[in-house]
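Engineer: If you count the sequence shown from 1, you need to add 59 to reach this note's numbering.
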Amino acid sequence: MRKLVLIILICSVISTVLTAQEAASKIRINQIGFYPDAQKVAIIADNIDGDFLIKSVTSGEVIFKSKLSDPRKSDFSPKVTRIADFSTVTKPGMYVLNLPGIGDSYTFEIKTKVFTNLTKALIKGFYFQRMSIALKPEFAGKWSRAAGHPDTQIIIHPSAASPARPAGTIISCPRGWYDAGDYNKYVVNSGITMGTLLSLYEDFPACFDTLGINIPESGNGAPDLLNEIVWNLRWMLTMQDPFDGGVYNKVTNADFDPMIMPSASVTPRYVVQKGTAATLDFAAVTAQAGRVFNKFKNVFPGLSDSCLKASEKAWDWAVKNPKVAYNQELMNKLFKPVINTGAYGDSDFSDEFIWAAAELYITTGKESFYTAFPMFPDAQMPLPAWGDVRLLGYYTLERFEKKLTMVAMNDFTGLKERIIRTADEMAKGISDRPYQTVMGKSAGDFIWGSNSVATNEGILLIQAYKLSGDRKYLDYALTNLDYVLGRNATGYSFVTGYGHKTPMFPHHRLSEADNIADPIPGLIVGGPNPGQQDGCKTYPSRIPDESYTDSVCSYASNEIAINWNAPAAYLAGALEALYNK
Ligand code: G3I
Ligand code: 9MR
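1) Nearest to residue 258 by alpha carbon, out of 307, 232, 590 and 450?
2) What are the boundary residues of the beta strand (DSSP E) that residue 168 is part of?
3) For ligand 1, which residues have a Cβ under 5 Å from at least one heavy atom, in chain order?
4) What does the alpha-carbon distance come out to for the pair residue 600 and residue 548?
5) Which one of 399, 432, 397 and 273 has the shortest CA to CA distance from residue 412?
6) Counting only the same chain and skipping the five closest in sequence on each side, list residues whose C-beta sits under 6 Å from that of residue 320.
7) Tell me, please, which residues DSSP counts as bridged to residue 299.
8) State yes or no: is the C-beta of residue 614 nearer than 7 Å to some heavy atom of ligand 2?
9) Identify the continuous beta strand (DSSP E) that holds residue 110 and give its terminal residues.
10) Going by DSSP, which residues form a beta bridge with residue 158?
11) Among the residues of its own chain, which have a CB less than 8 Å from the CB of residue 441, if the five just before and after it don't count?
12) Given a threshold of 16 other Cβ atoms within 10 Å of its Cβ, counted over all protein chains shown, does residue 222 qualify as buried or as exposed?
13) Would you say the region 122 to 133 touches the region 80 to 91, given that touching needs at least three Cβ pairs under 8 Å?
14) Ligand 2 and residue 566: does the residue's C-beta get closer than 7 Å to at least one heavy atom of that ligand?
15) Three-state secondary structure (DSSP) at residue 385?
16) Which residue wins for smallest C-alpha separation from residue 517, given the options 326, 534, 366 and 150?
17) Please list the terminal residues of the continuous alpha helix (DSSP H) segment that includes residue 328.
18) Look at the alpha carbon of residue 581 and the alpha carbon of residue 466, and state the distance between them as a whole number of angstroms.
19) So residue 253 and residue 344 are in contact, right, with Cβ under 8 Å, and what is the actual spacing, rounded?
20) Under the DSSP definition of a beta bridge, which residues are partnered with residue 141?
21) Considering only their Cβ atoms, is the gap separating residue 101 from residue 143 smaller than 8 Å?
22) Output the boundary residues of the alpha helix (DSSP H) element that contains residue 479.
23) Measure the C-alpha to C-alpha separation of residue 591 and residue 616 and round it to an integer number of angstroms.
24) Can you tell me whether residue 459 is helix, strand or coil according to DSSP?
25) Among the residues of its own chain, which have a CB less than 7 Å from the CB of residue 273, if the five just before and after it don't count?
26) Measure the alpha-carbon distance for residue 480 versus residue 403 and round it to whole angstroms.
27) What separation, rounded to the nearest whole angstrom, lies between the Cα atoms of residue 629 and residue 179?
28) Excluding sequence positions up to five away, which residues of its chain have a Cβ less than 8 Å from the Cβ of residue 395?
29) For residue 493, which of 79, 132, 118 and 120 has the nearest alpha-carbon?
30) For residue 642, which three-state DSSP category applies?
31) Going by DSSP, name the residue or residues bridged to residue 554.
32) Please report the residue range of the beta strand (DSSP E) in which residue 123 lies.
33) Three Cβ pairs or more, each shorter than 8 Å: is that satisfied between the region 631 to 639 and the region 261 to 276?
34) Since residue 561 contacts residue 552 with CB under 8 Å, what's their CB separation in whole angstroms?
35) Do you know offhand how far residue 63's Cα is from residue 512's?
36) Name the DSSP beta bridge partners of residue 498, please?
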């Protein structure tokens with residue numbers, strides 16, 4: 060009998076727990092929290108009519124009560140949502156949102172600087188991706204690990220052969236960050252990543268001069284954001300052929316490694332063919348780095364000058380070789396060994412020319428860079444992505460308005476209007492959307508790495524705010540951080556370790572092979588992608604904004620990548636800087 064009572068008791072406890080989880084998962088909310096003076100919205104992923112309450116976790120007191128909104132209908136699914144707006148709650152504290160008769164949301168916090176830890180974690184994520192170095196417990200905690208991929212014996216692949224460096228020549232390309240869940244390093248994807256991180260520093264130097272993330276270089280007199288960037292920058296510099304200035308596309312194995320730790324990965328590594336995209340991305344990054352590191356000559360002697368020299372040399376190579384695409388399929392027909400890792404193949408270089416030209420122009424002041432190619436070939440403003448980098452150049456022109464010479468000044472008003480117009484277009488109709496976020500305007504937002512669409516939209520909105528001073532753009536940008544942290548159709552906060560329901564099984568060799576239950580923290584996964592190119596069987600749905608699965612097989616929705624972490628770090632860091640002024 061006692062046993063039966065116990066079983067009934069356990070069952071009823073389990074059923075309450077399940078109900079609590081179900082309730083929490085129905086309430087889609089930024090799982091970290093809110094600034095006191097910001098908009099605060101949760102979305103009920105169900106057609107429930109009635110009131111909602113905001114309760115203090117510490118006192119249990121109901122401090123706010125209001126009605127759920129009229130329903131909103133998704134454009135991509137038959138589902139309907141309701142909005143709970145509690146923006147008038149401004150008192151710092153820990154809270155839950157309660158739906159009477161249904162249950163509580165996850166707890167969340169209202170306070171100033173509510174995303175400082177998140178910002179630090181997203182930058183620290185890069186430290187965890189470092190190659191060629193052991194991660195020590197004092198910096199990496201339980202995720203400490205042995206060194207791997209020294210990359211001091213890199214083979215020139217036949218596709219990369221030149222008279223001075225014939226196939227089989229050994230070069231040294233140490234350091235750098237693992238690109239993603241795999242163990243290779245790609246110049247093109249490092250390009251946008253580094254550009255975004257360097258811009259984060261250039262846009263908000265005061266914040267990042269003092270933000271420490273506890274890495275081996277901390278306290279050396281340079282900001283930690285820059286210290287971390289240097290780890291990848293020094294690798295990138297090795298990717299330039301000193302004899303002609305061209306830049307190899309990647310350091311790679313012939314095939315993706317299995318899910319093993321770095322120290323167990325010993326297959327040969329190659330640099331492959333040079334390309335125009337890689338060379339121009341390299342030119343842009345090194346021009347920007349030359350500018351940024353000029354202020355830190357005492358900590359990094361010679362680095363700024365080396366970067367600038369490398370940049371001009373790369374630019375010259377690209378001008379002479381303006382159409383060298385990295386076509387891996389074609390390359391594999393011509394050369395052995397066949398290379399099966401990521402391609403980041405791009406065949407339109409007009410945007411890379413714009414970006415490199417803009418960075419070189421601002422760093423050197425030489426107008427010839429600005430006028431070398433059409434800076435505004437058309438009126439389009441494509442959101443930054445690894446193969447689409449022209450806006451990175453435009454952001455730089457806008458950031459350095461005071462340095463523009465007459466010819467660029469003449470374009471400036473037009474550029475400013477375009478950025479603001481693009482921001483307006485992105486936000487148009489937001490109040491009708493089921494999740495009230497800028498992200499999700501159309502099904503086309505949900506591509507491989509869709510979370511970087513959300514965060515890059517956030518960056519564009521922040522540029523619109525900087526140019527206009529209109530607070531609404533900042534509020535729009537925040538809706539996309541809310542999206543990434545849980546106010547979305549999946550109910551996940553997409554950053555490992557940050558939020559309540561977070562990815563536990565990312566497609567990430569470092570997290571999968573380390574025998575530690577928790578994945579490495581501070582890494583944003585790709586997010587919903589109805590393409591489902593990985594063929595995983597665990598996706599809950601093909602509906603664009605729901606097509607996400609927290610399983611290790613899912614490299615098309617649940618991998619992590621440096622070009623996704625960088626804009627997430629930018630968005631969180633910029634909001635911290637701008638909301639806490
Ligand atoms: O841009 C088109 C879009 O216009 C179209 O509507 C949509 C429909 O599916 O496709 C979009 O293109 C997709 C593109 O990603 C979007 O950026 C392609 O289908 C898709 O195949 C492509 O995926 C890329 C993937 O590699 C496969 O090549 C991802 O961008 C890229 O982030 C990813 O990168 C990999 C590296 O190769 C290897 N390391 C891991 C890394 C992250 O997964
Ligand atoms: O692990 C690889 C991941 O980093 C890439 O994004 C993805 C697409 O290029 O490919 C993954 O590797 C898979 C390979 O493409 C096919 N065999 C299974 C591999 C995953 O374990």
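Think of the CB as a built atom: it goes at the ideal place given N, C-alpha and C, for glycine as much as any other residue.
Structural biologist: So, from the listed chains and residues:
1) By one-based count along the sequence shown, residue 258 stands at place 199. If we check each option's Cα against that of residue 258, 450 comes out closest.
2) In the sequence shown, the residue the question calls residue 168 occupies position 109. For residue 168, the enclosing beta strand (DSSP E) begins and ends at 167 to 169.
3) Going down the chain, each residue whose beta-carbon is closer than 5 Å to a heavy atom of ligand 1 shows up: 238, 239, 241, 401, 506, 507, 508, 590, 618 and 620.
4) For the purposes of this step, residue 600 is identified with residue 541 of the sequence shown, where counting begins at 1. For the purposes of this step, residue 548 is identified with residue 489 of the sequence shown, where counting begins at 1. Cα-Cα distance, rounded: 11 Å.
5) As a first step, residue 412 is located in the sequence shown; it is residue number 353 there, counting from the start. That would be 432, whose Cα lies nearest to the Cα of residue 412.
6) As a first step, residue 320 must be located in the sequence shown, where it is residue number 261. Excluding sequence positions up to five before and after residue 320, its CB lies within less than 6 Å of the CB of 572, all in the same chain and listed in chain order.
7) For this step, residue 299 is matched to residue 240 along the sequence shown. Residue pairing by DSSP places residue 299 opposite 306 in a beta bridge.
8) The residue you call residue 614 lines up with position 555 of the sequence shown. True, at least one ligand heavy atom lies under 7 Å from that Cβ.
9) The residue you call residue 110 lines up with position 51 of the sequence shown. Unbroken beta strand (DSSP E) run through residue 110: 110 to 115.
10) Position 99 of the sequence shown, counted from the start, is the residue given in the question as residue 158. Its beta-bridge partners are 162.
11) On the sequence shown, position 382 is the one that residue 441 refers to. Scanning its chain for C-beta atoms nearer than 8 Å, with the 5 sequence neighbours on each side dropped, one finds around residue 441 the residues 410, 447, 449 and 450, in chain order.
12) As a first step, residue 222 is located in the sequence shown; it is residue number 163 there, counting from the start. So residue 222 ends up on the exposed side.
13) The region 122 to 133 makes no contact with the region 80 to 91; the number of CB pairs closer than 8 Å stays below 3.
14) The residue you call residue 566 lines up with position 507 of the sequence shown. In this structure, residue 566 has its beta carbon less than 7 Å from a heavy atom of ligand 2.
15) Reading the sequence shown from its first residue, position 326 is the one you call residue 385. Residue 385 falls in the coil class under three-state DSSP.
16) If you number the sequence shown from 1, residue 517 lands on position 458. Of the candidates 326, 534, 366 and 150, 534 places its Cα closest to the Cα of residue 517.
17) Residue numbering aside, residue 328 sits at position 269 when the sequence shown is read from its first letter. Bounds of any alpha helix (DSSP H) do not take in residue 328, whose DSSP letter is neither H nor E.
18) Here residue 581 corresponds to residue number 522 of the sequence shown, with the count starting at 1. Here residue 466 corresponds to residue number 407 of the sequence shown, with the count starting at 1. Each residue's alpha carbon lies about 42 Å from the other.
19) Mapped onto the sequence shown, residue 253 falls at position 194. Mapped onto the sequence shown, residue 344 falls at position 285. Residue 253 to residue 344, Cβ: 4 Å. Contact.
20) Here the question's residue 141 lines up with position 82 in the sequence shown. Residue 141 pairs with 103.
21) Walking along the sequence shown from the start, residue 143 turns up at place 84. Walking along the sequence shown from the start, residue 101 turns up at place 42. Yes, the pair counts as a contact, with Cβ atoms nearer than the cut-off.
22) Position 420 of the sequence shown, counted from the first residue, corresponds to residue 479. Start and end: 465 to 486.
23) For the purposes of this step, residue 591 is taken as the residue at position 532 of the sequence shown. For the purposes of this step, residue 616 is taken as the residue at position 557 of the sequence shown. Distance between the alpha carbons of residue 591 and residue 616 is about 7 Å.
24) By 1-based counting over the sequence shown, the position of residue 459 is 400. In the structure shown, residue 459 sits in coil (DSSP, three-state: anything other than H, G, I, E or B).
25) Against the sequence shown, residue 273 aligns to sequence position 214. If we look at residue 273 and ignore the five residues flanking it on each side, its Cβ neighbours are 198.
26) Indexing the sequence shown from 1 puts residue 480 at position 421. Indexing the sequence shown from 1 puts residue 403 at position 344. Distance between the alpha carbons of residue 480 and residue 403 is about 30 Å.
27) Within the sequence shown, the letter at position 570 stands for residue 629. Within the sequence shown, the letter at position 120 stands for residue 179. Near 11 Å, if we compare the C-alpha coordinates of residue 179 and residue 629.
28) What you label residue 395 is simply residue 336 of the sequence shown in a count that begins at 1. Apart from sequence neighbours up to five positions away, the residues of its chain that approach residue 395 with a beta-carbon distance below 8 Å are 217, ordered along the chain.
29) Here residue 493 is taken as the residue at index 434 of the sequence shown, counted from 1. The shortest C-alpha separation from residue 493 is found at 132.
30) Not covered by the structure: residue 642. The range shown for the chain is 60 to 640.
31) On the sequence shown, residue 554 is found 495 positions in, with the first residue counted as 1. Beta-bridge pairing links residue 554 to 583.
32) In the sequence shown, the residue the question calls residue 123 occupies position 64. Residue 123 -> beta strand (DSSP E) spans 121 to 126.
33) Between the region 631 to 639 and the region 261 to 276, the count of Cβ pairs shorter than 8 Å is three or higher; the stretches touch.
34) Stepping through the sequence shown from its first residue, residue 561 is reached at position 502. Stepping through the sequence shown from its first residue, residue 552 is reached at position 493. About 5 Å separates the CB atoms of residue 561 and residue 552; that is less than 8 Å, so the two are in contact.
35) Numbered from 1 along the sequence shown, position 4 holds the residue referred to as residue 63. Numbered from 1 along the sequence shown, position 453 holds the residue referred to as residue 512. In this prediction, residue 63 has a pLDDT of 44, which is less than 50 and means its spatial position is unreliable; what the coordinates show is noted afterwards. Just so you know, the alpha carbons of residue 63 and residue 512 end up roughly 53 Å apart.
36) Position 439 of the sequence shown, counting from 1, holds the residue named residue 498. Paired residues: none, contrary to the question.
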